[in-house]
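> I'd like to ask some things about the structure below.
Numbering (this note's numbering), first residue to last: 13 to 140.
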């Protein structure tokens, strides 16, 4: 090699261009494990929804699987589960799910407190 002359970088560039597309082949890591959350929320809006108990069971089962795998459920998951429990009249479980939502996602605390306060209000008597 002559003094002051740089080595030929074409082979290095060719290798780089060959392996660069492989960098995009890494698996995507999802931040949250959505599971049945979206389909169940959609089912609530349908004419013939699955029963509340089926929805609760599916969401509870998914939550257990995600917890055991070390993953996270998305924001609102435990709030939705709490609302399902409220629809069945199980206020103790509703409160537990709302508190879990607050614990996992502190930014939801104001809304969870609002829902808890609303559920604790006595039923209004309709004026006649």
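Ideal placement from N, C-alpha and C gives every residue a C-beta, glycine not left out.
Small disclaimer: the values here were computed from a predicted structure and weren't measured.
(1) Taking residue 93 as the reference, give the member of 29, 80, 109, 44 with the closest Cα.
(2) Using 10 angstroms around the beta-carbon of residue 54, count the other beta-carbons present and answer buried if the total reaches 16, otherwise exposed.
(3) For residue 137 and residue 129, I'd like the C-alpha separation in whole angstroms.
(4) So for residue 82, helix, strand or coil by DSSP?
(5) Checking 7 Å against the spacing of the C-beta atoms, do residue 99 and residue 64 come in under that value?
(6) Please look up how many angstroms separate the CB atoms of residue 44 and residue 85, rounded, as I've assumed it's under 8 Å.
Here's the rundown:
(1) In the chain shown, residue 93 corresponds to position 81, counting from 1. Ranking 29, 80, 109, 44 by Cα distance to residue 93 puts 109 first.
(2) Looking up residue 54 in the chain shown gives position 42. Burial is judged here by how many other beta carbons sit within 10 angstroms of a residue's own beta carbon; residue 54 has fewer than 16 and is exposed.
(3) Taking the chain shown and counting its residues from 1, the one referred to as residue 137 is at position 125. Taking the chain shown and counting its residues from 1, the one referred to as residue 129 is at position 117. For residue 137, the predicted model reports a pLDDT of 49, less than 50, meaning its position is unreliable and no value from the coordinates is stated.
(4) Along the chain shown, read from residue 1 onward, the residue named residue 82 stands at position 70. Assignment of residue 82 by DSSP, reduced to helix, strand and coil, places it in the coil class.
(5) Translated into the one-based positions of the chain shown, residue 99 becomes position 87. Translated into the one-based positions of the chain shown, residue 64 becomes position 52. Closer than 7 Å, so yes.
(6) Numbered from 1 along the chain shown, position 32 holds the residue referred to as residue 44. Numbered from 1 along the chain shown, position 73 holds the residue referred to as residue 85. That belief holds up - the Cβ atoms of residue 44 and residue 85 are roughly 6 Å apart, short of 8 Å.
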